[in-house]
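These notes are about the structure you will find just below.
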């Protein structure tokens with residue numbers, strides 16, 4: 000009778016490919032034969048590396064396994080040392096660009112203004128030879144905001160007034176710069192209620208588009224409700240509408256294709272909703288730390304990259320991407336007090352929030368007993384060891400994470416950027432580990448929080464000199480003057496982008512550090 004050890008190596012590889020990283024690690028210890036098969040198989044080595052470093056394979060990639068593994072190793076070599084060194088740097092003049100709207104997605108940087116009808120965009124270079132040229136997309140109507148799903152759908156969504164107060168969604172193919180072929184209706188009507196000053200946010204995953212509208216200055220009083228709209232943008236239909244008190248939600252993140260988290264300004268909590276049912280209340284409300292007297296919530300925003308979704312064939316050149324299930328979420332929190340507002344950021348893995356969703360038969364102890372009320376979980380119950388809080392700079396933007404990494408400029412040394420890597424299964428590579436809190440839970444004039452932050456989510460720390468980088472070249476005219484102070488930085492999977500201002504505090508240069 001044959002045993003598994005009698006199988007030829009190629010069949011063992013096929014069997015082992017069904018195992019996840021912990022099981023493969025155990026299997027490698029069973030016997031020398033299994034260890035030899037696993038250590039010499041390119042397929043299994045690539046699979047193990049993807050899982051260890053929070054990546055997923057792109058099935059549309061044109062690379063074979065050896066090329067994909069080599070590309071992954073080069074990516075890790077670029078991002079895991081304690082001192083990061085870009086493979087090349089380019090500078091782009093943006094002094095003549097408006098800056099009311101910006102977005103970074105799918106290797107493309109968008110920079111435009113509200114109330115305009117044109118959005119300039121820049122396809123970011125992946126090699127020193129790539130041209131750096133601005134393109135633009137023309138839309139019908141005055142732009143309020145934009146939404147992007149480049150990798151998944153080649154999709155650009157314009158939220159427009161046409162004319163005010165009629166709010167529409169319009170769907171464009173970014174590559175064709177015309178109506179998107181997958182949208183049955185190029186234009187979807189949203190609302191036409193009179194508004195003071197409207198603020199919107201939107202995210203797209205698969206066929207679902209979620210749009211949150213808020214009236215920042217409601218005419219007359221503050222009774223104008225916020226609205227959350229869930230659309231199937233491909234079919235051109237609205238799935239449901241949820242109304243909230245004014246100034247409740249100001250952002251959202253898809254946890255899965257059907258689970259979404261919203262930061263709640265009214266109750267200082269995180270509300271998790273399921274969008275594929277008829278529920279009018281969240282599934283779960285996660286309380287954030289109680290605030291002391293004299294402090295209140297001024298603003299909250301959130302982001303995670305990448306979104307859940309499948310690879311598009313348009314992304315075929317890159318054999319892997321960060322796994323959305325393993326990504327971190329950043330929440331910006333601005334606290335108001337008698338003095339200047341206090342900007343914080345805190346981080347949590349998507350998986351942490353998904354794991355808090357109770358099974359139908361589960362019985363959490365909640366603070367609400369009424370049938371149909373959300374499960375409410377106190378901060379002290381769900382957060383210890385799973386979040387990290389840091390003080391932020393006032394100018395920090397939201398597009399500062401990619402996968403499990405976060406970039407920011409040091410306050411004391413604004414020419415040095417730090418990259419926090421929350422993947423503790425990754426390479427140490429001489430990097431220091433942040434295990435304790437990065438802040439002291441307070442400011443002069445009082446402590447904001449009445450509960451311990453317990454912000455001990457560990458992470459690795461790397462640094463990069465953002466000024467005086469050898470070989471920095473202006474992408475348009477060849478000038479090399481890079482030793483100027485940066486105001487803020489953002490990042491995607493392959494790059495860090497920095498912004499320089501002129502003497503009048505207007506945008507001057509976009510500096511692109513490419514790592515791979």
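Residue numbers (our numbering): 0 to 515.
Beta carbons: idealized from backbone N, C-alpha and C, even for Gly.
Distances from the CA of residue 463 to each of 67, 86, 28, 63 were compared; the closest alpha carbon is that of 86. A distance of 8 Å or more separates the beta carbons of residue 204 and residue 124. Counting only the Cα atoms, residue 66 lies some 53 Å from residue 244. Fewer than three pairs of CB atoms, one per stretch, sit closer than 8 Å, so the segment 90-107 makes no contact with the segment 68-80. Contact check for residue 301 against residue 252 passes: the beta carbons are separated by less than 8 Å. Shown here for residue 134: same chain residues with a beta carbon closer than 6 Å to its own, the five before and five after excluded, namely 120 in chain order. Inter-segment contact for the segment 395-403 and the segment 489-509 is present: three or more beta-carbon pairs are separated by less than 8 Å.
About 7 Å separates the beta carbons of residue 510 and residue 496, which is inside the 8 Å limit, making them a contact pair. Closest in C-alpha terms to residue 102, from the list 63, 131, 149, 28, comes 149. Judged by beta-carbon spacing, residue 158 lies beyond the 8 Å limit of residue 139, meaning their Cβ atoms are not closer than that value.
Per DSSP, reduced to three states, the secondary structure at residue 350 is helical. Comparing C-alpha distances from residue 304 to each of 295, 254, 173 shows the shortest one belongs to 254. Counting along the chain, residue 9 sits inside no beta strand (DSSP E); it lies in the alpha helix (DSSP H) bounded by residues 8-15. The shortest CA-to-CA distance from residue 281 to any of 288, 263, 146 is the one to 263. The beta carbons of residue 213 and residue 249 sit closer together than 8 Å. Going by DSSP, residue 154 is part of the beta strand (DSSP E) stretching over 154-160. Judged by DSSP in its simplified three-state form, residue 514 adopts coil rather than helix or strand.
Residue 349 is classed as buried because its beta carbon has at least 16 other beta carbons within 10 Å across all chains shown. Between the alpha carbons of residue 128 and residue 122 lies a distance of about 13 Å. For residue 373, the three-state secondary structure derived from DSSP is coil.
The alpha-carbon separation between residue 456 and residue 54 amounts to approximately 20 Å.
Here the C-alpha atom of residue 446 lies approximately 19 Å from the C-alpha atom of residue 386.
In the structure shown, the three-state DSSP call for residue 39 is helix.
Residue environment analysis places residue 189 among the buried positions, since at least 16 neighbouring C-beta atoms fall within 10 angstroms of its C-beta.
For residue 92, the enclosing beta strand (DSSP E) has its first and last residue at 87-92.
Residue 424 sits in coil when the DSSP states are folded into three classes, being neither helix nor strand. Separation of residue 395 and residue 459 (C-alpha to C-alpha, rounded to the nearest whole angstrom) is 21 Å. Distance from the Cα of residue 290 is smallest, within the candidate group 8, 450, 168, 506, for 450.
Non-local beta-carbon contacts of residue 33 in its own chain, meaning distances under 7 Å to residues more than five positions away in sequence, involve 26, 27 in chain order. Runs of the beta strand (DSSP E) lying entirely within the segment 127-206 and spanning at least 3 residues, in chain order: 133-137, 141-148, 154-160, 166-172, 186-190, 197-204. By the criterion of a C-beta distance shorter than 7 Å, residue 47 is surrounded in its chain by 20, 23, once the five residues flanking it on both sides are discounted.
Taking a C-beta distance under 8 Å as the contact criterion, residue 240 and residue 225 do not qualify as a contact pair. In the DSSP assignment, residue 299 is bridged to 332.
In terms of CA proximity to residue 344, 331 leads the group 336, 59, 331, 147.
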